[in-house]
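Heads up, the thing below is written out as structure tokens.
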Amino acid sequence: MEFKPKRPQKEIKYEELRIYTDEELHNYSEEELKDFKIKHSIPMLEELEKGPWPSFVTDAKREALRRKKLPKDRLMLDQDVVDDLLGQLELSFEDGETHWKHGGIVGVFGYGGGVIGRYSDVPEKYPSVAHFHTIRVNQPASKFYKTDFLRALCDLWEFRGSGLFNMHGSTGDIILLGTTTEQLEPIFYDLTHELDQDLGGSGSNLRTPSCCIGKARCEFACIDTQNLCYELTTHYQDELHRPAFPYKFKIKIDGCPNGCVASIARSDMSLIGTWRDEIRIDQEAVQAYIRGEIQPNGGAHSGRDWGPFDIQKEVIDLCPTGCMAMEDGKLVINNEECNRCMHCINVMPRALRPGVDTGVSVLFGAKAPILEGAQLSVLTIPFMKAEPPYDNIKELLEKVWDWWIEEGKNRERLGELIQRKGLPKFLEVLGVPAAPQMVKMPRTNPYIFWKEEDVPGGWKRDIKEYRQRHKR
Amino acid sequence: MEFKPKRPQKEIKYEELRIYTDEELHNYSEEELKDFKIKHSIPMLEELEKGPWPSFVTDAKREALRRKKLPKDRLMLDQDVVDDLLGQLELSFEDGETHWKHGGIVGVFGYGGGVIGRYSDVPEKYPSVAHFHTIRVNQPASKFYKTDFLRALCDLWEFRGSGLFNMHGSTGDIILLGTTTEQLEPIFYDLTHELDQDLGGSGSNLRTPSCCIGKARCEFACIDTQNLCYELTTHYQDELHRPAFPYKFKIKIDGCPNGCVASIARSDMSLIGTWRDEIRIDQEAVQAYIRGEIQPNGGAHSGRDWGPFDIQKEVIDLCPTGCMAMEDGKLVINNEECNRCMHCINVMPRALRPGVDTGVSVLFGAKAPILEGAQLSVLTIPFMKAEPPYDNIKELLEKVWDWWIEEGKNRERLGELIQRKGLPKFLEVLGVPAAPQMVKMPRTNPYIFWKEEDVPGGWKRDIKEYRQRHKR
Amino acid sequence: MALSQERLGKYNPEKPTENRITDIGPRHFWDFFPPVIQKNYGKWLYHDILEPGIMVHVSETGDKVFTVRCGGARFMTAENIREICDIADKYCDGYVRFTTRNNIEFMVTSYEKLQALKQDLLSRKYITGSYKYPIGGTGAGVTNIVHTQGYIHCHTPATDASSMVKALMDELMDYFTGMTLPAHVRISVACCLNMCGAVHCSDIALLGIHRKPPIVDDNIDSVCEIPLAIAACPVGALSPGKTEDGRKTIKVKEERCMFCGNCYTMCPALPIADKLGDGVAVLAGGKISNRISEPKFSKVIVPWLPNNFPRFPEVVATVKKIIEVYASEARKYERIGDWAERIGWEKFFEKCDLPFTEHLIDDYRLAYDTYRTSTQFKYTRAAWEVSKAAGGIDE
Amino acid sequence: MALSQERLGKYNPEKPTENRITDIGPRHFWDFFPPVIQKNYGKWLYHDILEPGIMVHVSETGDKVFTVRCGGARFMTAENIREICDIADKYCDGYVRFTTRNNIEFMVTSYEKLQALKQDLLSRKYITGSYKYPIGGTGAGVTNIVHTQGYIHCHTPATDASSMVKALMDELMDYFTGMTLPAHVRISVACCLNMCGAVHCSDIALLGIHRKPPIVDDNIDSVCEIPLAIAACPVGALSPGKTEDGRKTIKVKEERCMFCGNCYTMCPALPIADKLGDGVAVLAGGKISNRISEPKFSKVIVPWLPNNFPRFPEVVATVKKIIEVYASEARKYERIGDWAERIGWEKFFEKCDLPFTEHLIDDYRLAYDTYRTSTQFKYTRAAWEVSKAAGGIDE
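Protein chains in written order, with the UniProt record's numbering: chain A, 1 to 472; chain B, 1 to 472; chain C, 1 to 395; chain D, 1 to 395.
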């Protein structure tokens, strides 16, 4: 099994790409770091240097020191950007209000997304962060890296930006925090030419798709999450980079119903791996679990004495459909009644495995609360094979986009449009019949919006004819 | 234990009140009945004379025959009203549409409710039901009767009306189906003077309260449902008879959470008997159930072989809170976790009984779907003692009415007003704090409507002062 | 003192307030309680259902009362009530009770009287052979149907109620006179969306619905307050208009109409009933009791069946099918709604062999909360149909 | 070929399209997979958590991969990433992975390397003593917190995120490095209602909220499209107005405001943030997994706590309290939301000693579905307070 990129990938060798010398990379001693003070007083932030959890403040301070010790021409941004960022953050704590202004329209030529303008509203105090834009870099699927790539990115970003990152942003991108407008194009040039790497999405477009670790290192994955993610991302580069949508659109891909990338809560299109045949059972391993030879749930509960494993209590009784039983010493699953919640498989991964006829369930419409309230994605296509080139998934997605672009209001997420127009309308657009799987329960109100073609004789009626039967 | 009316009740003796002689009451033979045809052809209705269930058509026909055989001066309405009613019903089947028009404003002097005007829209075909109004007669609490009363009512209604009833209407009243405007006052006069009996409610007023059988013949009843029903009905006669509300208002009283009068679904104010101490247990009887000496659930399932009674499966495992267990051969209930669903008590009434510190849970706002969709009542007061003269319940009810009359739109039910204004506003009106018992779960959206007094410094802020901290 | 027998009785239209009695309320309940009920009020210990329709309640005083429950049509003549009174006088010392679900209850205090009463009741039949007073309606069966007026006496119905109930109960008789179901099944019928009968929380509910938008009468300006009629529409489908001759009228945006009929309730110049449009929706799975599960709404499971008068064969067959599948599949004590939730509504539709259509998906105001927002579902034929249509699987 | 070192690099502003490369997408994933991952792709049989933060995955080929999971601050310097690369180069052949929840994962293929790696990681501390790479975040514990930008880089926050996360994780360290809870607890922080972090489905969520309506800038007519800003309000609290000198402005109906901040997002001339108004709402009981129960939303359980920078003691204490009560009360495998639903939210509030206020009752668009429409509830102090206030029971 091997997956190939759509086009040859540039091999990244840090030694060939590097900006900084080893000396420059190790330009301060631990003593210097201990004595180091940034140029602003930040007592509240320094309070956050205590405690066992990694301190972002202490981390930032070493970046501040490093920058100070680099020659000015080895940095395209001011040496003090980290100082000023921390200083402004301290001021925000004092004021109880942020000091960042709305972004203006900045970006790289031909793209509508990937860069978010950011400006300080106290530039006189913190001049080096007066203009301090964010760049979103499209992460590789499921966020494995080679260090060559990361080191090169660090050099690039330290040289042309703040040297500060989010690893990673909420949608999945690598976030480069803070540079000037001037540096955007040079960064983009080197990113694409040297790192063979594009920007992510922002604004009213497709946001960077993301996926779970999938079959790379998970026994539960039902689909090739990375490949599907890569295919959709590269296939829809135009949608990712040039805003043409009513609002943002997120795609996330989970390999199984455990949902580790939270696609059901955080994406407009949620692709969740599943299967349609039977759970595979190794009865020997079931017995091993029962005998206590294997820790349940991969040892996830081993920090506490929960007593010996009890398959009845811990698996069979917790099955949401009650479709499991021990019969004649064997574990029996009525797969017709199974709703694939993953609990039994999670508890006994060495005895139970998902089926082999796999695909995705497709759900649509999750979003955060702004404006109509948060939504989870709605189960729309119960089962869909997910094989390269994924044409069926693309066709479905494009039908959704066509409708949303046509009907969606400005800043209306897909989920809100589905709510406004009704799920039945959405199904009509997709050209699929209604199924009870799409709802928790049928409607309780009788307010059915019948259409004229549903009713014999249509809707045209004659009041005179009616009045012949019924006196006023 | 005895309950007294608020004022002396007139004793009803049919012999003293009757209109019809015994001969008049038995004025047709079975032979005549068999040969009898009403004046209209009603083949579809006659189809409904077949089958084992009591046929309202066959019943109506005997009334039609009886009327025909009475002298005309022994009936204030036309002899043919039953014929015409059935004829019009048959025509409705043919046309697939009703032939009743909207009611006009008819009623008895000084009352706004209790009578519903009704007119045929095909009066030339069915002249005797051209005007055919409904009268609602307030049923006695839980619908026990003496035959003297019923016989007198039959005579009165046959003489001055159609002789057709609903026993009873959906709200609880005795429904007298069909009379003319002229006869309304004479009927009301005799009802009040001779039968010592008032009308029920209709229109935008308090509708006739109703209650379950309660302690009269039910071991589960926690409160005196009839007495509370009678007290509220008589105390609020003005509200019952003179519309002053935005829309109808229903009160129903259930003696326990089994809810046999459906108060939680069918009343704006639902009073449901409950208790706050412990379920009484007779461990001997528990054993008798376990040994199979007593039928579970009072024999409700005895039409089928469900196997021997299994207390674990049928009671303990079905407890919604899981608060029951067998310990050392005894049934143990953790009453703190009990939510009083009644299941265990229903299954083993001889072993388990509700507690003795009883009262009502008060819920508000149930309604049918028009307009905003159906609602069930919302739990508002978890527990309230319910002792005569029920001042606490009346005070609560009057607070609700005051608010609803002030704020409710035309034809807005209380439940819709609560939805429109929000449950927190309703609680403020009632002067009670919020409690988690009122909701299934806390809100999931963060859209809290804070009030100015909630926030230190209030809401007034100065943009200039803000701009001193934050540059544009 | 007697009931009056003149045309206007003792009422004097010249002096309407003379001797007027008002606001006296209903008869007091206590006087209508049989002596055994009065004596044992609040003292009942338990009850047993001796056989379908026959209960014994036992008091801590040792007293017993035997109750015979009979199904009745809600629509009832004076003749019928007098016959009930005859029975009550003969066996029950002149007392009788009606229940919320239109049953008649006769109470006696001895087993001997009970047997005589029972025989008498079952011997009474109409000339056409139907029972006058069928005994049943207790325990795990189908009890009497609560319902509304329908065409008999209502101006807004979309179907008839009494005929449908008769047709249903004829077919469900064995469930009324037996206790063979997993739990009791409460059926109700409402003839329009006003739901006087509150069918919104029944195990099975039949609901008359319209499917054609209202038509506008020529004389609407003289019949109705036009602004009030417009305001009556919950979905804004009505707007002011002008007739050709310049009078005020109402325009109907037909594609917005949800056929609730509220406009017609408010304004008779907007008739909505129509022979071909009207029919019956079937709902299921509601309950009112707090027992085990919380009270819950019925769900629409068949959006429309025809008004096939007088016996509604499609409606009756659907109800019977649901009850039969429920009887064979549900667990003891499990109500229809609890059963459907346990197996999943997708399995309910499959097992009951009911088609699922887009009309069953909520698209009204709280619709979002009914959408399935999980991957927890079971595969059924309906799921595969969607997958096929979406290109998810091959034919 | 190297990264450019001139001010504008190889980019020519005169010819922006020259040699331009666009739309190439991200790096392909396969090349970034360590050899053991490539070789065993799709062949993994099972995994075991050897100790908190350390997993072994076993392949059907017999291969094993050992993973060490380390918590990290999402906000991270180039210095930090280079140190991570150093570790990865030393032990992991130059491969490293990040997780969705801001953890860093180092993978090795032998037990010996694992031990060395582990020791190295734990030995690395900041000069102030905090761990650089604490090991944990697996199984039934608290893993790393996902969060948003806060004051570090966002223009609409109502609180700060990085500082709150640091304060929380310092206190919850034992739950990160241990697996002593009934199930995993997912915590998230979002600094405003836009919820970039999607806190709406977390076991515990901290959400920055505003409580003062927006103020209107003098120059709003020159900064914003006024109709767009007005349309941005979901509750119609904004309307057109005129300034004293006749320019267009916006009027705020303050009593209608629900403080969502969408107006400010659309128009910077409507600032809503305020030191005294802003703070933190605590939500609990959400989940995303389909395991056992369906995914569900978090519920607001504390409507507001102060922005007490830098360590948010009230927020930290509340979170810790909930986790402690949960740890002692819930059943194995039971998530916080499942536990609260099993015992009832009224018991959750009682056990966690949290006050219940009217702010926690939904009054937004789907509010009705959250109301309790049954008599199934448990008595707690809160219930008695209502009963007393209503005259239902004596003091």
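Beta carbons: idealized from backbone N, C-alpha and C, even for Gly.
This one's a predicted model, so the numbers in the text were calculated from it and none came from an experiment.
Would you call residue i buried or exposed, if buried means 16 or more other Cβ atoms sit within 10 Å of its Cβ?
i, result
"residue 108 of chain B", "buried"
"residue 167 of chain B", "buried"
"residue 197 of chain A", "buried"
"residue 236 of chain A", "buried"
"residue 282 of chain D", "buried"
"residue 289 of chain B", "buried"
"residue 204 of chain D", "buried"
"residue 524 of chain B", "With chain B running from 1 to 472 in the structure shown, residue 524 of chain B is simply not present."
Tell me, please, which residues DSSP counts as bridged to residue i.
i, result
"residue 281 of chain C", "C/207"
"residue 190 of chain C", "C/207"
"residue 44 of chain C", "C/59"
"residue 17 of chain D", "Residue 17 of chain D is not bridged to any residue."
"residue 164 of chain B", "C/77"
"residue 125 of chain C", "C/131"
"residue 206 of chain B", "B/249"
"residue 120 of chain A", "A/100"
"residue 311 of chain C", "In the DSSP output, where bridge partners are listed per residue, residue 311 of chain C has none listed."
"residue 280 of chain A", "A/353"
Assuming residue i and residue j form a contact by the criterion Cβ under 8 Å, report the distance between their Cβ atoms to the nearest whole angstrom.
i, j, result
"residue 376 of chain C", "residue 320 of chain A", "7 Å"
"residue 107 of chain C", "residue 148 of chain C", "Incorrect: roughly 29 Å between the Cβ atoms, too far for contact."
"residue 101 of chain B", "residue 268 of chain C", "7 Å"
"residue 112 of chain A", "residue 242 of chain A", "5 Å"
"residue 365 of chain A", "residue 279 of chain A", "Not quite, the Cβ-Cβ distance comes to about 29 Å (not below 8 Å), so this is no contact."
For residue i, which residues in chain D fall below 8 Å Cβ to Cβ?
i, result
"residue 381 of chain B", "386, 387, 390, 392"
Residues of chain B with a CB under 9 Å from the CB of residue i: which are they?
i, result
"residue 301 of chain D", "442"
So with CB distances below 7 Å, who are the chain D contacts of residue i?
i, result
"residue 376 of chain C", "290, 294"
"residue 260 of chain A", "100"
Indicate, with yes or no, if the ligand ATP has a heavy atom lying under 7 Å from the CB of residue i.
i, result
"residue 275 of chain A", "Looking for the ligand ATP in the displayed structure turns up nothing, as the structure carries no ligands at all."
Cβ closer than 8 Å: which chain C residues qualify as neighbours of residue i?
i, result
"residue 419 of chain A", "367, 368"
Give the residues of chain B in contact with residue i, contact being defined as C-beta atoms less than 7 Å apart.
i, result
"residue 121 of chain A", "470, 471"
"residue 357 of chain D", "434"
Against residue i, what residues of chain B qualify as contacts under a CB-to-CB distance less than 8 Å, listed in chain order?
i, result
"residue 126 of chain C", "49, 54, 55, 58, 59"
In chain A, what lies closer than 8 Å to residue i by C-beta?
i, result
"residue 346 of chain C", "435, 436, 437"
Exercise. What residues in the stretch 36-59 of chain A have a beta carbon less than 7 Å from any beta carbon of chain D?
Worked result: 44, 45, 47, 48, 49, 50, 51, 52, 53, 54, 55, 56, 58, 59
For this session: Note down, in chain order, all residues in the stretch 318-334 of chain A with a beta-carbon under 9 Å from any beta-carbon belonging to chain D.
Result: 318, 319, 320
Problem set entry | Contacting positions in the stretch 21-39 of chain D - beta carbon closer than 8 Å to chain A | 21, 22, 23, 24, 25, 26, 27, 28, 29, 30, 31, 32, 33, 34, 37, 38
Problem set entry | Contact list for the stretch 95-111 of chain B against chain A, Cβ threshold 8 Å | 95, 97, 99, 101
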